[in-house]
Amino acid sequence: MLKTESNYNDVFLVRDTILRVNGYSSYDEFLRSDYWKSIRLKVKQAKYRSNYDHCWICRTEENIELHHENYRYLLTKYELRSIRSLCRNCHKLVHEVAKQKDIPLNKAYKIVSDSNRKSNVFKGFVCITLDQLLNGTKK
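Quick note, the sequence shown lines up with residues 155 to 293 if you use this note's numbering.
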């Protein structure tokens, strides 16, 4: 099994290997599992809520999804350490950057997040497009 995720495809190879070893036939099956439901419930608990009630990139509280920065901790007691809450738009953007640049999700997350800090392009909860991020153009 891969110990590190060096490119976009490695991310899913690691994920799918971990899932198969643990009896899941697909990621969709995992997302429907009681285990994943328990993770979703856990992030809503008061202890964790402030970490997961907004997008970590643009800060909106709308359309929040859970995003794995990597899958190395999948199905372990450390899984929450690699999960970030992202709005649907930022989540999609992280995956698009990772795919376009053929890099792991955690590196794509950092690119998108750093872009937010440097240019304030997300100010007012406005997410940018992949083209704007990669070409440095603004809306």
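Ideal Cβ placement from N, Cα and C applies to all residues, glycine included.
From a predicted model like this one, the values you see are computed outputs, not experimental measurements.
Taking the runs of the beta strand (DSSP E) that are 3 residues or longer, which of them lie wholly in the region 186-274?
218-222 and 237-241
Cα separation between TYR227 and ARG169?
Within the sequence shown, numbered from 1, the residue matching residue 227 stands at position 73. Within the sequence shown, numbered from 1, the residue matching residue 169 stands at position 15. Spanning the two alpha carbons is a distance of roughly 9 Å.
Quick one: is LEU185 buried, meaning 16 or more other Cβ sit within 10 Å of its Cβ, or exposed?
Walking along the sequence shown from the start, residue 185 turns up at place 31. Exposed.
Go ahead and label ASN163 buried or exposed: buried means 16 or more other beta carbons lie within 10 angstroms of its beta carbon, across all protein chains shown.
Here residue 163 refers to the residue found at position 9 when the sequence shown is read from its first residue. Label assigned to ASN163: exposed.
Count the other C-beta atoms from every protein chain shown that fall within 10 angstroms of the C-beta of ASN205, then say buried if there are 16 or more, exposed otherwise.
For the purposes of this step, residue 205 is identified with residue 51 of the sequence shown, where counting begins at 1. It counts as exposed.
Residue range of the alpha helix (DSSP H) that includes ASN176
The residue you call residue 176 lines up with position 22 of the sequence shown. Note, ASN176: premise wrong, no alpha helix (DSSP H); not H, not E.
Whole-number beta carbon distance between GLU183 and ASN224, since they are thought to touch under 8 Å
Start at 1 with the first residue of the sequence shown, and residue 224 comes out as number 70. Start at 1 with the first residue of the sequence shown, and residue 183 comes out as number 29. In fact, because the Cβ distance is near 20 Å, the residues do not count as touching under 8 Å.
Mark LYS198 as exposed unless 16 or more other C-beta atoms lie within 10 angstroms of its C-beta, in which case mark it buried.
Position 44 of the sequence shown, counted from the first residue, corresponds to residue 198. Exposed, by the Cβ-count rule.
So what does DSSP say about GLU183, is it helix, strand or coil?
The residue you call residue 183 lines up with position 29 of the sequence shown. Helix at GLU183.
Do LEU240 and VAL248 have their CB atoms nearer than 8 Å?
Mapped onto the sequence shown, residue 240 falls at position 86. Mapped onto the sequence shown, residue 248 falls at position 94. In this structure, VAL248 lies closer than 8 Å to LEU240 by Cβ.
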